[in-house]
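Chemist: Each number in the working numbering corresponds to the 1-based position in the sequence shown with 6 added.
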Amino acid sequence: MNFKDKVIYQIYPKSFQDTTGNGFGDLKGVTSRLNYLEELGIDYIWLTPFFISPQRDNGYDVADYRNIDPLFGTMADCEELIEEANKRSIGIMLDMVFNHTSTEHQWFQKALAGDPEYMDYYFFKDGTPDQPPTNWESKFGGNAWEYVPHLKKWYLHLFDVTQADLNWENPKVREELKEIIRFWKNKGVKGFRFDVVNLISKPEVFESDKVGDGRRFYTDGSKVHAYLKELVADTQIENMVTVGEMSSTTLEHCIRYSNPKEKELSMCFNFHHLKVDYKDGNKWEIMQPDFKALKTLFYNWQLGMQENEGWNALFWCNHDQPRVVSRLGDDENYWKESAKMLATCIHMMQGTPYIFQGEEIGMTNAKYTDISQYCDVESKNYYEIMLRNGKTKEEALAILGARSRDNSRTPMQWNSGDHAGFSNSTPWLSIPENYKAINVEIEQNDADSILAYYKKLIQIRKEHPAISEGKIEFIYKDHPEILAYKRSFGDEEILVLNNLGRNHTRLTADLQLESYEKILGNYEKADHAKELEPFEAIIYRRV
Ligand code: TEU
Numbered sequence: 007m008n009f010k011d012k013v014i015y016q017i018y019p020k021s022f023q024d025t026t027g028n029g030f031g032d033l034k035g036v037t038s039r040l041n042y043l044e045e046l047g048i049d050y051i052w053l054t055p056f057f058i059s060p061q062r063d064n065g066y067d068v069a070d071y072r073n074i075d076p077l078f079g080t081m082a083d084c085e086e087l088i089e090e091a092n093k094r095s096i097g098i099m100l101d102m103v104f105n106h107t108s109t110e111h112q113w114f115q116k117a118l119a120g121d122p123e124y125m126d127y128y129f130f131k132d133g134t135p136d137q138p139p140t141n142w143e144s145k146f147g148g149n150a151w152e153y154v155p156h157l158k159k160w161y162l163h164l165f166d167v168t169q170a171d172l173n174w175e176n177p178k179v180r181e182e183l184k185e186i187i188r189f190w191k192n193k194g195v196k197g198f199r200f201d202v203v204n205l206i207s208k209p210e211v212f213e214s215d216k217v218g219d220g221r222r223f224y225t226d227g228s229k230v231h232a233y234l235k236e237l238v239a240d241t242q243i244e245n246m247v248t249v250g251e252m253s254s255t256t257l258e259h260c261i262r263y264s265n266p267k268e269k270e271l272s273m274c275f276n277f278h279h280l281k282v283d284y285k286d287g288n289k290w291e292i293m294q295p296d297f298k299a300l301k302t303l304f305y306n307w308q309l310g311m312q313e314n315e316g317w318n319a320l321f322w323c324n325h326d327q328p329r330v331v332s333r334l335g336d337d338e339n340y341w342k343e344s345a346k347m348l349a350t351c352i353h354m355m356q357g358t359p360y361i362f363q364g365e366e367i368g369m370t371n372a373k374y375t376d377i378s379q380y381c382d383v384e385s386k387n388y389y390e391i392m393l394r395n396g397k398t399k400e401e402a403l404a405i406l407g408a409r410s411r412d413n414s415r416t417p418m419q420w421n422s423g424d425h426a427g428f429s430n431s432t433p434w435l436s437i438p439e440n441y442k443a444i445n446v447e448i449e450q451n452d453a454d455s456i457l458a459y460y461k462k463l464i465q466i467r468k469e470h471p472a473i474s475e476g477k478i479e480f481i482y483k484d485h486p487e488i489l490a491y492k493r494s495f496g497d498e499e500i501l502v503l504n505n506l507g508r509n510h511t512r513l514t515a516d517l518q519l520e521s522y523e524k525i526l527g528n529y530e531k532a533d534h535a536k537e538l539e540p541f542e543a544i545i546y547r548r549v
C-alpha cells in the first residue's frame, strides 16, 4: 500500500459542520462538505472519535466503540459518509482510543460492580484512601490514580479521572479491541489512527518515580511492539493506512513502529518539534520558539527515519495543538506569508502530510479573553493549577491563549455569514472574531489565498516523485532561521527554502539558483532572487 503520495485531512466533527442546528457539528455535516475536500485534493479523512461518549474529553472517553453518539448522528449517517467518501476516492480513517475507556463503558461499570473478570480489564490496585499506588501524574493534572471506596482499590487513569487505562496484558482485552477493528473494517473504513498507542504497555511492577511524573515506566513499554504486531496481524490491517499517536517517544521506537518489515504501523506522530516553545519542557510556561532546536529535531527525525526505512507523519496542527500560524508564524503582520511558509516546510519534507481542518485557510488561535469561553478539560484543570501556583488570572489567561487545546477546536470558518456558516445557532465553542476575514468562501475566490496554496502543495506532491518518495538532504544547517533541504528521486531534484523568521536574509552563491526553476512560492518576485523575504518559502526544481 503506497501512502507516500497521499495527503490526510483531519476532521474534528464537533466543529466542522452542523446540519441540525444544535450548535454541534455532525457526520451529515462532514458528508455535506465532501466536495470541498475532493476539490482540495486530499486522499484520506481522519475523523476524531464520534462514538458513544460522555464527552468529558470530547469523545476520547469512549463508552461504546461500536455505536455513534447521537450528538453526531446515526450509524446510517456514518455508513453514508463512508460510502460517499469512497465514491470520491477518499478513504475514511477512524480514531481508535485503545489505551483507555470511559468509566461509563460497560466493562468499567462491571468492574465497579466488583466483577473480577472486568476488574482485570483495567488496573485496580489495593490500598488505603490516603496512599495512591504510585506518584505518577495524570497528563491532565493531579495524581493518575483514583480511589474507589467500596472496592478499597485505586484504578489507573493516565488522562482524565473518567478515562480508565485498559490492561493490555489481559488477552481478553486484546481480543475485544481486535473485534472493534474488524467491526469498522467491515463497514468499509480505509485506515485507523491509534490514540496514545505507545502507552499501552504498562510495567509488571508499579513503582513511584523518584525523578519524574512516571512517564518513563509506561512510555514505549516493553511489550508495546508485540501488542501492535498481534493487533495488526490478527485484524489483517497491514495493508491499510495506520498511524500511531506516540506520546514522548523516541526515534528508535518510531523506526520500529513504522518500518514496513516490522508489520506494525504505516507511520507515527511524534511531538518533539512542537515543544520548541515550551520553557524547560513545560507546556504551561511560554517561550519564543527555538528555531535551532526545531531544525535539529527535523534533521534527526527525517534522516533517522530515512536511513532506517521508518516513515513520518508530517504535521503542525491537530485538535490538541494551538494554531501554527499564531504559534510559529505571525497572524497579524504576515498572516498569509507565514501560513504558506509553514505549510511548505511540512509538505515538502519526507513523510505523509496531515492538514487539520481550518489550517488550509490559515485559521488562527481563538483569542478568548475569559475563562468561561474555554471548554477543554485540560485547559480548565490547568487554569486552576496555575492560579494555585501563584499566577494571576491575566497571566493564566495569556498562557491558555497560547497553549489551550481549544485554540484549534473552534468551529470551521466557512463564510462571513452568521456563525461563520458552521451552524444556524450558537456553536458549542465560540468562533474567533476574525471569521469575516478568514473563511473558505473568501479564499475560494482568491487565487493567491492560503487555500489555493494548499491545493498546489497537494497537487505538486502527486506530480513529483521527488516530493513523495525522494531522499532528503538538508543544507544551510547552521543558519539560525532558514530551513532548507533538497529532495531527490532518479534524475529529479527539488530544492526547498523556508525562512522561519521575519528578517530579510541573503542567500549564498553556492546554491546555484540559476540552474533551478521555481515551482511554487509565497511571494511575487523575480526568480532566483538572492534574498529571502520575511517568512518566504520557495520550491525550486532543477532543470
Ligand atoms: O492525546 C494525547 C496526548 O498526549 C496529547 O497530545 C495531549 O493532548 C497533551 O499531552 C495534553 O497536554 C490524545 C488525544 O489526541 C487527545 O485529544 C486526548 O485528550 C488524549 O489522547 C486522551 O485520549
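Even glycine gets a Cβ: it sits at the ideal position worked out from N, Cα and C.
1. Quick check: is any heavy atom of the ligand TEU less than 6 Å from the C-beta of LYS346?
2. From what residue to what residue does the beta strand (DSSP E) around TYR491 run?
3. Let's see if you can read the secondary structure: which residues bound the beta strand (DSSP E) around MET99?
4. Measure the beta-carbon distance from ILE464 to GLY47 and round it to whole angstroms, keeping in mind my assumption that it falls under 8 Å.
5. Between which two residues does the beta strand (DSSP E) holding THR358 run?
6. Measure from the alpha carbon of ASP533 to the alpha carbon of each residue in SER59, GLU542 and GLU523, then state which is nearest.
7. Once you ignore the five residues that flank PHE78 on each side, which residues in its own chain have a CB closer than 6 Å to its CB?
8. My output table needs one value for VAL247: the three-state DSSP class, helix, strand or coil.
9. Please list, in chain order, all residues of the same chain as ALA349 whose beta carbon is under 7 Å from its beta carbon, the five residues on each side excluded.
10. I need the DSSP call for VAL383, collapsed to helix, strand or coil.
11. With a threshold of 6 Å, establish whether the CB of ASP101 neighbours any heavy atom of the ligand TEU.
12. Is the stretch 371-382 touching the stretch 463-483, taking contact as three or more C-beta pairs under 8 Å?
13. Please tell me whether, using a cut-off of 6 Å, the distance from the CB of VAL549 to the nearest non-hydrogen atom of the ligand TEU is below it.
14. May I have the straight-line CA-CA distance separating GLY218 from HIS353, to the nearest angstrom?
15. Name the two residues that bound the continuous alpha helix (DSSP H) containing ASN41.
16. Within the continuous beta strand (DSSP E) that includes ALA170, where are the two ends?
17. Considering Cα atoms alone, identify which of SER474, ILE186 and LYS285 is closest to ILE500.
18. The alpha helix (DSSP H) with TYR460 in it runs from where to where?
19. Mapping the DSSP letters down to three states, classify TRP290 as helix, strand or coil.
20. Restricting to Cα atoms, I'd like to know which of PRO155, SER144, VAL179 and ASN176 is closest to LEU162.
21. As an exercise, report each continuous alpha helix (DSSP H) stretch of at least 4 residues that is fully enclosed by the stretch 413-449, in chain order.
22. For the beta strand (DSSP E) containing PHE541, list its first residue and its last residue.
23. Run through the DSSP bridge pairs and tell me what LYS524 is partnered with.
24. So LYS178 is in the alpha helix (DSSP H); what residue range does that whole segment cover?
25. Counting Cβ pairs closer than 8 Å, one from the stretch 331-341 and one from the stretch 374-381, do we hit at least three?
26. Give every residue of the same chain whose Cβ lies closer than 7 Å to the Cβ of TRP420, excluding the five residues on either side of it in the sequence, and list them in chain order.
27. With respect to 6 Å, is the separation between the Cβ of TYR50 and the closest non-hydrogen atom of the ligand TEU below this value?
28. Can you check which of these residues, VAL502, GLY507 and SER414, is closest to LEU519 by C-alpha distance?
29. Alpha carbon to alpha carbon, how far is GLN112 from PHE495?
30. DSSP three-state call for ASP83: helix, strand or coil?
31. Apply the 10 Å Cβ neighbour rule to LYS208 and answer buried if 16 or more other Cβ atoms are within range, or exposed otherwise.
32. Ignore the nearest five residues each way along the sequence and tell me which others in GLU291's own chain have a CB closer than 6 Å to its CB.
33. Looking at the strands, I want to know which residues DSSP matches up with ASN149.
34. Nearest by alpha-carbon distance to ILE481: which of ASP497, ASN504 and GLU498 is it?
35. Could you pull the start and end residues of the beta strand (DSSP E) that GLY197 belongs to?
36. Distance check for PHE321 and VAL13, CA to CA, integer angstroms please.
Modeler: From the atom records:
1. Locating residue 346 in the sequence shown gives position 340, where the first residue counts as 1. LYS346: no, Cβ never under 6 Å from the ligand TEU.
2. Sequence index remark: in the sequence shown, residue 491 carries index 485 (1-based). Its beta strand (DSSP E) spans residues 488-495.
3. Reading the sequence shown from its first residue, position 93 is the one you call residue 99. Looking at the DSSP string, the run of the beta strand (DSSP E) that includes MET99 is 97-102.
4. Counting from 1 along the sequence shown, the entry for residue 464 is found at position 458. Counting from 1 along the sequence shown, the entry for residue 47 is found at position 41. 4 Å between Cβ atoms; contact.
5. Here residue 358 refers to the residue found at position 352 of the sequence shown. From DSSP, the beta strand (DSSP E) with THR358 extends over 358-362.
6. For the purposes of this step, residue 533 is taken as residue 527 along the sequence shown, with counting starting at 1. Nearest of SER59, GLU542 and GLU523 to ASP533, Cα basis: GLU523.
7. Reading the sequence shown from its first residue, position 72 is the one you call residue 78. Hits under 6 Å: PRO19, ASP32, LEU33 and PHE56.
8. As a working mapping, residue 247 is identified with position 241 in the sequence shown. In the structure shown, VAL247 sits in a strand (DSSP, three-state: E or B).
9. Walking along the sequence shown from the start, residue 349 turns up at place 343. Cβ within range, chain order: TYR459, TYR460 and LEU463.
10. Counting from one through the sequence shown, the residue named residue 383 turns up at place 377. If DSSP states are grouped into helix, strand and coil, VAL383 belongs with the helices.
11. On the sequence shown, position 95 is the one that residue 101 refers to. No, the Cβ of ASP101 stays beyond 6 Å of every heavy atom of the ligand TEU.
12. no
13. Translated into positions along the sequence shown, residue 549 becomes position 543. False, no ligand heavy atom lies under 6 Å from that Cβ.
14. For the purposes of this step, residue 218 is identified with residue 212 of the sequence shown, where counting begins at 1. For the purposes of this step, residue 353 is identified with residue 347 of the sequence shown, where counting begins at 1. Approximately 35 Å between the Cα atoms of the pair.
15. Translated into positions along the sequence shown, residue 41 becomes position 35. 40-46 is the extent of the alpha helix (DSSP H) around ASN41.
16. Locating residue 170 in the sequence shown gives position 164, where the first residue counts as 1. Segment 169-171, the beta strand (DSSP E) holding ALA170.
17. For the purposes of this step, residue 500 is taken as the residue at position 494 of the sequence shown. Closest by alpha carbon: SER474.
18. Taking the sequence shown and counting its residues from 1, the one referred to as residue 460 is at position 454. From DSSP, the alpha helix (DSSP H) with TYR460 extends over 456-469.
19. Start at 1 with the first residue of the sequence shown, and residue 290 comes out as number 284. It is a strand residue.
20. Your numbering for residue 162 matches position 156 in the sequence shown. With distances taken between Cα atoms, LEU162 lies closest to SER144.
21. none
22. For the purposes of this step, residue 541 is taken as residue 535 along the sequence shown, with counting starting at 1. Unbroken run through PHE541: none, as it is neither H nor E.
23. Indexing the sequence shown from 1 puts residue 524 at position 518. Paired residues: TYR546.
24. Sequence index remark: in the sequence shown, residue 178 carries index 172 (1-based). Where LYS178 is concerned, the enclosing alpha helix (DSSP H) stretches over 177-192.
25. no
26. Against the sequence shown, residue 420 aligns to sequence position 414. If we look at TRP420 and ignore the five residues flanking it on each side, its Cβ neighbours are ALA426, GLY427, PHE428, ASN445, VAL446 and GLU447.
27. As a position in the sequence shown, residue 50 is number 44, starting the count at 1. No, the Cβ of TYR50 stays beyond 6 Å of every heavy atom of the ligand TEU.
28. Locating residue 519 in the sequence shown gives position 513, counting from the first residue. Nearest option by C-alpha distance: VAL502.
29. Along the sequence shown, one-based indexing puts residue 112 at 106. Along the sequence shown, one-based indexing puts residue 495 at 489. Straight-line Cα distance between these residues: approximately 52 Å.
30. Against the sequence shown, residue 83 aligns to sequence position 77. Residue state, collapsed to three classes: helix.
31. Here residue 208 refers to the residue found at position 202 when the sequence shown is read from its first residue. Buried.
32. Looking up residue 291 in the sequence shown gives position 285. Counting only Cβ-Cβ distances below 6 Å, and skipping sequence neighbours, we find LYS285.
33. Here residue 149 refers to the residue found at position 143 when the sequence shown is read from its first residue. Looking at the DSSP assignment, ASN149 forms a beta bridge with GLU143.
34. Along the sequence shown, read from residue 1 onward, the residue named residue 481 stands at position 475. Nearest C-alpha to ILE481: ASN504.
35. For the purposes of this step, residue 197 is identified with residue 191 of the sequence shown, where counting begins at 1. From DSSP, the beta strand (DSSP E) with GLY197 extends over 197-200.
36. Position 7 of the sequence shown, counted from the first residue, corresponds to residue 13. Position 315 of the sequence shown, counted from the first residue, corresponds to residue 321. Their Cα atoms are separated by approximately 11 Å.
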